[in-house]
Amino acid sequence: MPVQYVSTRGAAPVLDFADALLVGLATDGGLYVPKSWPQMGDGGSGSYVETAVEVMAPFVAGSIDPDSFAEMVSDAYSGFEADDVAPLVDLGGGLHLMELFHGPTLAFKDIALQLVGRLFDYELTRRGERVTIVGATSGDTGSAAIEACRDRQSVDIVILHPAGRVTEVQRRQMTTVQSSNVHNVALDGTFDDCQDMVKAMFADEPFRTRLNLSAVNSINWARVMAQVVYYVVAAERLGGRCQAVDFAVPTGNFGNVFAGHVARLSGLNVPKLIVGSNRNDILPRFFRDGRLDARPVIPTLSPSMDIQISSNLERLLFELEDRDGAAVARLLRTFREKGSTEISERLHGRLVEGWASARFDDDQVLMCIAEEADKSGIVLDPHSAVGVLAARACRPDPAVPVVALATAHPAKFPDAVEKATGVRPVLPDRLSDLLDRSERMTNLPNDLSEVETFVEEHVRAV
Ligand SMILES: *Cc1c(COP(=O)(O)O)cnc(C)c1O
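The sequence shown begins at 163 in the working numbering and counts up by one.
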């Protein structure tokens with residue numbers, strides 16, 4: 163009997179893993195979660211890949227062939243250039259840093275996307291189908307998605323970025339990929355224009371169907387699943403799965419920290435999950451008051467966390483509401499209509515037990531990067547610094563070790579890091595010639611029919 167996935171809004175078909183993978187968003191607008199949480203065994207002290215296969219197996223059971231799955235997991239992490247995928251660095255005083263940025267694009271999103279790209283290809287090939295993945299990026303997500311999909315047989319990928327508005331390193335991480343199934347569009351407009359363009363393509367029903375449009379965005383359950391693994395690995399390295407460990411997570415869309423909650427629901431001993439935010443602090447305000455209250459997005463030094471509506475929070479609300487999809491749907495309808503909503507005192511009480519949160523502004527981030535570089539020689543990127551600040555500020559029990567998740571390599575955000583430390587961080591060797599590689603991209607006007615024509619002429623799904 164395959165594991166079943168249900169929607170957080172309770173009104174979409176129940177699916178198995180592979181269908182939930184390919185659909186992404188449920189038809190009722192909800193997000194897929196397993197019908198019940200599998201419980202982990204005691205585990206051992208295996209390699210990252212061994213633990214990954216074991217931890218994820220119950221989530222794909224009955225849907226993906228176990229041997230093929232193990233092969234995909236092994237393959238996904240073979241390109242990570244670090245000691246056993248995600249090194250754990252001791253910062254002293256019970257604080258540890260887990261480096262999740264040693265994948266191809268130097269951010270933690272590679273950990274999920276490297277696997278998800280392979281899973282997509284595997285399942286589509288098995289079904290004899292092909293998809294066209296389209297996405298908009300303000301910088302980082304695009305390159306992680308491109309690296310995940312490059313050279314995959316059943317997938318073509320088109321990524322739109324705002325022309326002249328991403329950094330050179332970010333652009334080159336996308337445009338220097340020479341695979342024939344990768345297409346970069348530099349759109350004459352802003353990031354919002356790119357996002358609107360993607361939405362317009364999805365809303366064009368005949369186009370959407372003809373090209374079999376799809377997305378690999380952060381609401382996809384498979385991305386959360388792949389992120390559960392490193393919480394377990396961290397605990398194993400610190401003494402075992404029964405060892406109490408708190409985690410501090412720099413948070414945007416809530417996908418990363420929710421994976422920690424899944425690890426906890428599956429039996430890992432995590433007394434506190436600590437959410438770190440920048441000035442876009444809807445989550446710390448929610449944890450404090452039980453009110454979700456959206457405000458305009460403020461640009462900060464940690465752009466991947468410049469988010470007001472954290473899509474994966476819906477999965478936590480579903481748990482808090484005792485899996486009452488209709489209640490979640492009501493709550494989110496109010497939020498969408500009024501820009502704010504509230505949970506009951508009873509639910510808020512529950513939320514306070516296992517969670518802590520705090521927000522930090524750019525000055526605190528710069529100071530943290532400078533201090534850490536000075537003290538330990540470890541150079542943090544601005545996102546990881548938010549995690550370290552949150553770990554220090556919110557640690558409830560000094561006897562319990564805390565792991566701060568480092569989500570990006572400092573060389574991805576060289577300006578901020580140089581401002582803090584006076585030293586410009588260098589790219590790892592394998593990317594050191596990035597600025598000399600040749601680029602492939604197409605400049606297009608902000609015009610739906612021109613973009614659709616480009617997509618249609620360049621992908622294989624038609
Ligand atoms: C995406 C991202 C985050 C936020 O992760 P969520 O899962 O969206 O909460 C944090 N740091 C970096 C570097 C990222 O790329």
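The beta-carbon is built from N, C-alpha and C at its ideal position, and this holds for glycine as well.
Counted as a single uninterrupted DSSP element, the beta strand (DSSP E) harbouring Met260 occupies residues Leu257 to Glu261. In the DSSP annotation of this structure, Glu476 is not part of any beta strand (DSSP E); the continuous alpha helix (DSSP H) holding it starts and ends at Leu475 to Leu482.
Annotation for His545 indicates a beta carbon within 7 Å of some heavy atom of ligand 1. Secondary structure at Leu567: strand, using DSSP grouped into helix, strand and coil.
Exclusion of the five residues before and after Glu398 leaves Gly205, Ser207 and Thr213 as the residues of its chain whose Cβ lies within less than 7 Å of its Cβ. Within the model, the alpha-carbon separation for Pro465 versus Ser472 is close to 14 Å. Arg521: member of the beta strand (DSSP E) spanning Trp517 to Arg521, first to last residue. Inter-segment contact for the region 549-565 and the region 430-449 is present: three or more beta-carbon pairs are separated by less than 8 Å. For the beta strand (DSSP E) assignment, the uninterrupted runs of no fewer than 3 residues enclosed by the region 303-356 are, from N- to C-terminal side, 317-324 and 344-349. The bridge partners DSSP lists for Phe409 are Leu435 and Val565. In the DSSP secondary-structure assignment, Asn605 is bridged to Ala348. Ligand 1 never approaches Pro587 closely enough for any of its heavy atoms to be under 7 Å from the residue's Cβ. Only exposed fits Ala488, as fewer than 16 other CB atoms lie within 10 angstroms of its CB. Note on the region 203-289: whole alpha helix (DSSP H) runs with a minimum of 4 residues are 210-222, 228-239 and 271-289, in chain order. Counting C-beta atoms within 10 angstroms of its own C-beta, Ser198 has fewer than 16 neighbours from the protein chains shown and is therefore classed as exposed. For Met467, the Cβ falls inside the 7 Å cut-off from some heavy atom of ligand 1.
Of the other Cβ atoms in all chains shown, fewer than 16 fall within 10 Å of the Cβ of Ile460; this residue is therefore exposed. Exposed is the label assigned to Cys404, since fewer than 16 other Cβ atoms lie within 10 Å of its Cβ. The straight-line gap separating the alpha-carbon atoms of Asp318 and Glu507 is approximately 47 Å. If the five residues before and after Leu445 are omitted, its C-beta is found closer than 8 Å to the C-beta atoms of Thr413, Phe416, Val437, Ser439, Ser472, Leu475 and Ser519, all from its own chain and listed in chain order.
Relative to ligand 1, the nearest heavy atom lies less than 7 Å away from the CB of Asn418. By DSSP's assignment, Pro196 forms a beta bridge with Tyr167. Pairing Ile505 with Leu493, the inter-Cα distance amounts to about 8 Å. Taking C-alpha positions only, Arg288 is separated from Val195 by approximately 24 Å.
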